[in-house]
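Written out below as structure tokens is the structure these notes cover.
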Ligand code: AQP
């Protein structure tokens, strides 16, 4: 059976981008068709300036939201990265397989390190090496497929390179995985800056729809979305990035094609109103279920405990094999 691994970073409240670009596909398709592991990748949240209590809170909230969105512990394995030591054990071996040049080429590293420098912060070494830890997350489980939004595709490419290189140098150890991008909404853009992606850790929040935003807040954010000059509703990412983002959101909510939707609108206002309504309806059940689950943290903890136990069992043989293959003396 195909094995799938995917993760989500607790660096902020989950967004509509996370939902449409990743979580919805995990819920509707992946957990049913494959042996699927989904992980709250909390170690990745430590690569930028962070508040410890907030990361802890956001990790629990992310797990609760994933269950609220429909991940079913009877169908898939949900766990927290730091609960399974195999990830960091394997990451070091992969650091010994990667070069600093290939890490510095990662687009997310370039963007995030530039942002840190602009705001006067120092760039953590872990920001540079985090794609290696991500590779370990994936390779430890022998995952065949990694469903991601297109911002993460380069990291999966790196994971493939590291797996192939390790296998060639030290003998067949890892499955070489491939990225699977969603058919629609691979990249949801910020409503206030439709040329950059909607990201949960951005400081300016007025263009970001969070899964837990109240309906009136969602409506306000969508109605105030930046649109483009002119008044014609057309799907054209270069000439009309704002309108195109709205059309793609509406398409993701309704299952229609963005071009087909564009033909039905003669004003931005009507498009915004329909998009706002569609997003509110999409998120309503998730928010309601989250409220129920948040009242039962013991249930969520139980799911995560059992998830980590099963994850350790799955990862250990591969990580132990990698230790032997690379030349480390087994503990007696
Ligand atoms: N805007 C987006 N559109 C489509 N997919 C997206 N994803 C994230 N943003 C969008 C997908 O969500 C999954 C989990 O992402 P992540 O939390 O591991 O990290 P990220 O890609 O760095 O997400 P964010 O929200 O932008 O976080 P920050 O601001 O901390 O960097 C991934 O599959 C991702 O592709």
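Residue numbers (the working numbering): 803 to 1134. Virtual Cβ for every residue (Gly too), placed ideally from N, Cα, C. Predicted, not measured: the structure shown is a model, and the values here were computed from it.
Shorter than 7 Å, the distance from the beta carbon of residue i to the closest heavy atom of the ligand AQP, or not?
i: residue 838; result: no
Residue i: buried (16+ other C-beta within 10 angstroms of its C-beta) or exposed?
i: residue 876; result: exposed
i: residue 1040; result: exposed
i: residue 1100; result: exposed
i: residue 997; result: exposed
i: residue 902; result: exposed
i: residue 898; result: exposed
i: residue 985; result: exposed
i: residue 940; result: buried
i: residue 1011; result: buried
i: residue 1071; result: exposed
i: residue 873; result: buried
i: residue 1060; result: buried
i: residue 1025; result: exposed
i: residue 912; result: exposed
i: residue 1006; result: exposed
i: residue 837; result: buried
i: residue 951; result: buried
i: residue 931; result: buried
i: residue 1008; result: exposed
i: residue 1085; result: buried
i: residue 1046; result: buried
i: residue 1093; result: exposed
i: residue 887; result: exposed
i: residue 1097; result: exposed
i: residue 1027; result: buried
i: residue 1050; result: buried
Since residue i contacts residue j with CB under 8 Å, what's their CB separation in whole angstroms?
i: residue 825; j: residue 900; result: The Cβ separation is near 29 Å, so there is no contact.
i: residue 975; j: residue 1123; result: 6 Å
i: residue 1054; j: residue 879; result: Actually they do not touch by this definition, with Cβ atoms about 26 Å apart.
i: residue 960; j: residue 933; result: 5 Å
i: residue 807; j: residue 966; result: So it is not a contact: roughly 18 Å between Cβ atoms.
i: residue 1110; j: residue 882; result: 7 Å
i: residue 842; j: residue 926; result: Actually they do not touch by this definition, with Cβ atoms about 20 Å apart.
i: residue 1020; j: residue 1078; result: 7 Å
i: residue 889; j: residue 929; result: At roughly 17 Å, the Cβ-Cβ gap does not stay under 8 Å, so residue 889 and residue 929 are not in contact.
i: residue 894; j: residue 1116; result: Not really, about 20 Å apart at Cβ, beyond 8 Å.
i: residue 862; j: residue 1102; result: 7 Å
i: residue 791; j: residue 819; result: One cannot answer for residue 791 here, as it falls past the ends of the chain, which runs 803 to 1134.
i: residue 910; j: residue 953; result: 7 Å
i: residue 964; j: residue 1089; result: Incorrect: roughly 39 Å between the Cβ atoms, too far for contact.
i: residue 1141; j: residue 864; result: Not covered by the structure: residue 1141. The range shown for the chain is 803 to 1134.
i: residue 896; j: residue 1121; result: In fact, because the Cβ distance is near 11 Å, the residues do not count as touching under 8 Å.
Based on Cα-Cα distance, which residue from the options lies nearest to residue i?
i: residue 955; options: 1089, 1004 and 937; result: 937
i: residue 845; options: 1021, 832, 885 and 1068; result: 885
i: residue 989; options: 817, 812 and 813; result: 817
i: residue 821; options: 1081, 968 and 804; result: 1081
i: residue 1095; options: 805, 867, 811 and 809; result: 867
i: residue 805; options: 831, 815 and 839; result: 839
i: residue 833; options: 860, 864 and 869; result: 869
i: residue 1003; options: 1102, 918, 1097 and 1131; result: 918
i: residue 1083; options: 1015, 977, 972 and 1035; result: 1015
i: residue 1029; options: 1036, 1037, 1044 and 1038; result: 1044
i: residue 853; options: 812, 994, 928 and 874; result: 812
i: residue 970; options: 1128, 907, 994 and 921; result: 1128
i: residue 946; options: 1058, 1090 and 982; result: 982
i: residue 1068; options: 1032, 848, 1087 and 1132; result: 1032
i: residue 803; options: 906, 835 and 1120; result: 835
i: residue 1087; options: 1062, 1017 and 1008; result: 1017
i: residue 856; options: 968, 1036, 814 and 915; result: 814
i: residue 823; options: 1001, 1076 and 1125; result: 1001
i: residue 1130; options: 829, 972 and 827; result: 972
i: residue 991; options: 1048, 1076 and 907; result: 1048
i: residue 904; options: 1051, 1132, 962 and 1058; result: 962
Around the ligand AQP, which residues pass a check of Cβ closer than 5 Å to any of its heavy atoms?
810, 811, 813, 819, 820, 823, 824, 950, 951, 953, 954, 989, 990, 999, 1000, 1001, 1002 and 1003
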